[in-house]
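For the sequence shown, our numbering gives the first residue as 104, with consecutive numbering after it.
All C-beta atoms, glycine included, are put in the ideal place defined by N, C-alpha and C.
Here the structure comes first, spelled out in structure tokens, and everything after it is commentary.
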Amino acid sequence: MRRLKAARSYVLVALSVLALAACNSTPEGVFEFDAVDLGSPVAPETYAGDVRFRIAQSLDSRAGEVPFALYLGLSPAGETRLGLNALADLRGIQDALPERLSGPIDPSCNLGLTVDFSGSEADGDTLRAGASVRASLYRCKAKGTPDEQRGWRMISQTVDAAATLRGDLDGNCIRLSLTDLSLKPRGILGGLASLFGLTEKVRVAILEEAAVVLDAHPICPEPPAPISFFQPRFEALGIEEIGAGGIGAGLKGSADISADTLVDTLAWAGERAAGGSDGLRFTDRTDGRVGLALQDAMAVGDTEIGYGIALQLSPASTTRIGIEALLDLRDIQARLPDLLADRVVTDNCGGRIQIEGFDTEADGTAIIARASLEMESYDCVRSAPGTWERGALEETKQVDVRAHLSAELVDQCVVFRLLDLDRDPPGALGQIQTGSGRLAAARALVFEAIELVLEEAAICPELGPELSILEPHFDYGAPQEIGEGGAGIAMKGSIDLGPETVVELLALLQSEGLLPPAP
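In structure tokens form, the structure reads like this:
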């Protein structure tokens with residue numbers, strides 16, 4: 104009887120020790136987490152750059168998509184490289200975790216877990232998470248066979264779990280992994296639960312389940328097109344605290360720029376009609392060449408006439424893009440007869456020459472202009488020393504002339520040049536008194552007047568903001584026939600690449616609403 108009483112006393116003491124150990128085993132505050140502060144701003148220095156974006160992202164989960172945000176800054180970092188500073192704001196995921204991770208888990212026939220996820224927070228360069236787990240140990244009939252069946256529950260115990268996680272880069276993805284897991288059984292039976300192996304079963308189950316979940320859900324920030332064309336690579340990762348305990352992942356890396364990726368960027372912008380119906384538009388892509396088109400206008404007198412510009416861009420080297428432009432002047436060509444009708448070419452004391460009819464056609468690399476002129480000759484009378492006055496009309500005649508025009512580039516503008524001017528059919532144009540008592544050849548006067556008109560009619564094509572910001576340089580310009588006699592101007596040049604111009608282009612696309620806004 105004494106032995107039995109002693110044994111009972113020993114058991115009671117053991118249970119008391121186990122209960123005391125269990126009651127004192129949970130450190131104060133380990134499982135206390137403040138509500139996620141979604142309103143604290145992200146520090147600008149974490150995504151510093153000459154152009155910056157806030158990009159909405161999402162993480163797929165079993166219960167649906169969970170939002171997060173990528174803050175991204177880009178700056179020149181070399182001749183062909185952009186530097187990346189980014190911060191993945193994971194507070195949306197952090198806020199959703201208690202709801203998404205709480206619930207029942209059945210690791211095996213013997214073990215059932217009900218998880219109540221407490222929360223998580225940034226803690227220096229690591230993450231801290233906590234949960235309470237209600238663990239139940241069951242008998243299992245026919246375990247390990249297709250006919251296994253859970254039986255009656257043998258024991259249940261609540262276990263508090265504290266986990267430490269770290270983040271690592273896997274390509275451009277952030278992968279989280281457990282680095283430490285601490286379990287503390289609660290209450291008087293907590294020590295017995297550990298003694299009989301339940302706590303260890305819970306540990307194994309949590310580690311296995313966490314490994315599966317974390318491996319299946321990497322966080323992969325995805326910069327949007329056209330930034331993605333530059334193949335951005337993240338090379339460094341660090342946990343950043345946002346506000347009080349908010350989880351962020353700081354990322355640093357780089358992106359390579361090249362002629363190919365910039366051509367792709369311009370095609371992408373053109374496909375989305377960045378400038379509207381008159382702006383840059385994508386037309387085609389063939390053998391590495393991208394076709395773009397836009398509208399421009401030139402002034403003829405007081406009238407503006409639109410014309411089309413067809414562009415072909417292709418990589419010429421790693422850091423240079425070849426550009427060819429064809430200015431389609433057929434609309435201008437068609438309207439010139441009406442616009443130039445009755446225009447006075449020269450008007451002086453002894454003569455007046457006016458355009459009665461006009462037409463043009465392209466012939467290979469030249470433009471042929473034909474005009475019907477009305478020439479009036481007057482008596483030029485000296486009325487005082489050094490003063491001459493127009494007198495009576497002496498002659499009026501109709502003369503047809505034919506002119507050959509070419510073109511050249513002057514300060515990136517197309518300037519037409521009059522090569523020759525002859526009567527058609529051949530013959531002399533005659534002479535006109537100039538008012539100084541001398542006679543001048545009518546041909547010379549007409550030639551000079553037309554040259555002045557042509558200089559005023561220089562075409563300076565505007566290639567739209569997307570291309571202009573890249574500062575294309577043309578070194579060739581000449582007439583080119585379009586179809587049968589249609590007038591066009593062919594231009595050739597190049598664009599030299601630099602990270603500064605790429606950053607400016609991305610900022611422009613952002614201002615046009617084609618890229619996400621700045622934070």
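Query	Result
Segment limits, alpha helix (DSSP H) that includes THR302	301 to 319
Alpha helix (DSSP H) runs wholly inside the segment 554 to 593, at least 4 long, in chain order	567 to 571
Delimiting residues of the beta strand (DSSP E) encompassing THR364	Per DSSP, THR364 belongs to no beta strand (DSSP E); it is in the alpha helix (DSSP H), 362 to 374.
Sequence ranges, beta strand (DSSP E) only - wholly within the segment 144 to 220, length at least 3	154 to 164, 167 to 181, 184 to 192, 206 to 208
For VAL502, three-class secondary structure by DSSP	strand
Distance between beta carbons of LEU524 and VAL504, contact taken as under 8 Å	6 Å
Coil, strand or helix - VAL549 by DSSP	helix
Contact under 8 Å by Cβ, LEU366 with SER417	Here residue 366 is Val; the residue named in the question, Leu, does not match the sequence. In contact: VAL366 and SER417 (Cβ atoms closer than 8 Å).
Inter-stretch contact at 8 Å, needing at least 3 Cβ pairs: the segment 586 to 601 / the segment 427 to 436	yes
The segment 464 to 472 contacting the segment 570 to 585, beta-carbon criterion three pairs below 8 Å	yes
For PHE156 and ALA419, the rounded distance between their alpha carbons	31 Å
Beta-carbon proximity of GLY454 to TYR410, cut-off 8 Å	no
Environment of MET257 [buried if 16+ CB atoms lie within 10 Å]	exposed
Completely contained beta strand (DSSP E) runs for the segment 252 to 277, where each covers 3 or more residues	252 to 273
Contact set for LEU573: own chain, Cβ-Cβ below 6 Å, skip 5 residues either direction	ILE598, THR604
DSSP-derived helix/strand/coil call for GLN334	coil
Cβ pair count under 8 Å reaching 3, the segment 200 to 208 against the segment 216 to 228	yes
As assigned by DSSP and simplified to three states, the class of ALA377	Note that ALA377 scores 48 on pLDDT, short of 50, meaning its location in the model is unreliable; the coordinates nonetheless yield the value given after this. Residue state, collapsed to three classes: coil.
Nearest to THR490 (by Cα), restricted to the options CYS452, GLY373, GLU497	CYS452
6 Å CB neighbourhood of GLU565 in its chain, flanking five on each side removed	ASP399
8 Å CB neighbourhood of PHE332 in its chain, flanking five on each side removed	THR364, ASP367, THR368, TRP371
Cβ-based burial, GLU343 [other Cβ within 10 Å; buried from 16]	buried
For GLU477, the residue or residues it bridges with in DSSP	GLN457, GLN501
Counted within 10 angstroms of its Cβ, other Cβ atoms place LEU200 as buried (16 or more) or exposed	buried
Distance, LEU216 Cα to ARG184 Cα	51 Å
CA nearest to the CA of LYS355, picked from LEU141, ALA159, PRO622, ALA180	ALA180
Exposure of ARG384, with buried meaning 16 or more beta-carbon neighbours within 10 Å	buried
Among CYS483, LYS500, GLY348, ILE562, the one whose alpha carbon lies nearest that of VAL513	ILE562
Three-state class that DSSP yields for THR248 in the structure shown	coil
Which of helix, strand or coil DSSP assigns to THR50	Given a span of 104 to 622 for the chain in the structure shown, any question on residue 50 remains unanswerable.
Residue interval of the alpha helix (DSSP H) (run including ASP434)	433 to 443
GLY341 classed as buried or exposed, judged by whether at least 16 other C-beta atoms fall within 10 angstroms	exposed
Rounded separation between GLN415 and ASP390 - CA only	11 Å
Nearest to ALA413 (by Cα), restricted to the options LEU432, LEU268, ILE277	LEU432
Same chain only: Cβ atoms within 7 Å of CYS323, ignoring 5 sequence neighbours per side	ASN275, CYS276
C-beta atoms of ALA358 and LEU190 nearer than 8 Å	no
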